[in-house]
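Residue numbers (this note's numbering): -7 to 152.
Data first, discussion second: the structure below is written as C-alpha cells.
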Amino acid sequence: MRQVLPRLSYAAFVGDLEGVLDALGMGDDIHQNVRLVNQNGQDVLGATPLYLAAQMGHYDVCKALLRAGADVMRPCTVPATGQQFIAQDIAIMHFNMRTWWLLKEAKQRLAGKTPGLFKKWASKHKKGGKGADVMGEKLVPAGSTPSTYLVLTSGAQMAI
C-alpha cells in the first residue's frame, strides 16, 4: 500500500525548499508526523518533516525548518524494538555529515552550549595552507569540505 505524505512532509523529504516554505506559510504544522515503514519492515511512528529532510541529507531544508522552530529533539519511535531516533541520528545513519553537523549544533544551542563547534574545531586543527587538515590522527587532503569526510581517529580504517 502506497502512503501519501502531507504537503510539508513530502516537500521536506524530496528537498523542495520552496515547497517547505510555502507549506509553512499556509499554516502546515511544523511538527506534523507520519507513520513510515523502515527497511526492516517495521513501523516508524512520529517522523517529522525535519526527520525526513535529515534522512535525505537536505541541508537547506533542515536549516529552514530549524529557523521556523522545528524541534531538533523530537523523536520518532520504532515500536517493535522500542528504539527512538531524532533527526540527528537518522542523518548520521545515512552518512549525511553536513546535515548531521547542522543538527548537532542546533542541539548544542538548545542545551545552551557554544554554537559553531565544527567551525571552531576545524579552524583550530588546520595544518598549513597547502598541506592537509588534521582529522583525529590521520590526514585528510586539503580542500576537503565538512560534507565530504568523516573524522578519523587512531586505528580507524577508511575504505574507498
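Just so it is clear, CB atoms sit at the ideal spot from N, CA and C, and this is done for glycine as well.
Fair warning: this is a prediction, and the values are worked out from it, not measured in the lab.
Looking at the secondary structure, which residues open and close the beta strand (DSSP E) in which residue i lies?
i   : result
G38 : 35 to 39
V12 : Element bounds for V12: not the beta strand (DSSP E) but the alpha helix (DSSP H), 9 to 17.
Can you name the start and end residues of the alpha helix (DSSP H) that residue i belongs to?
i     : result
L102  : 89 to 102
L57   : 51 to 59
R(-1) : -1 to 6
Enumerate in chain order the residues of its own chain whose CB-to-CB distance from residue i is below 6 Å, with the five nearest sequence positions on each side excluded.
i     : result
A98   : L58, V64
A3    : G11, V12, A15
P(-2) : Q24
With burial defined as no fewer than 16 other Cβ atoms inside 10 Å of the residue's Cβ, what is the status of residue i: buried or exposed?
i    : result
V53  : buried
Q47  : buried
F87  : exposed
L102 : exposed
Name, in chain order, the residues that DSSP records as bridge partners for residue i.
i   : result
T69 : L37, Q76
V26 : A39
With a threshold of 7 Å on Cβ separation, who are the neighbours of residue i within its own chain once the five nearest residues in sequence on each side are excluded?
i   : result
L37 : R27, C68, T69, P71
I82 : Y43, A46, Q47
D8  : none
Apart from the five residues just before and just after residue i, which ones in its own chain have a Cβ nearer than 8 Å to its Cβ?
i   : result
K55 : L94
T73 : Q34
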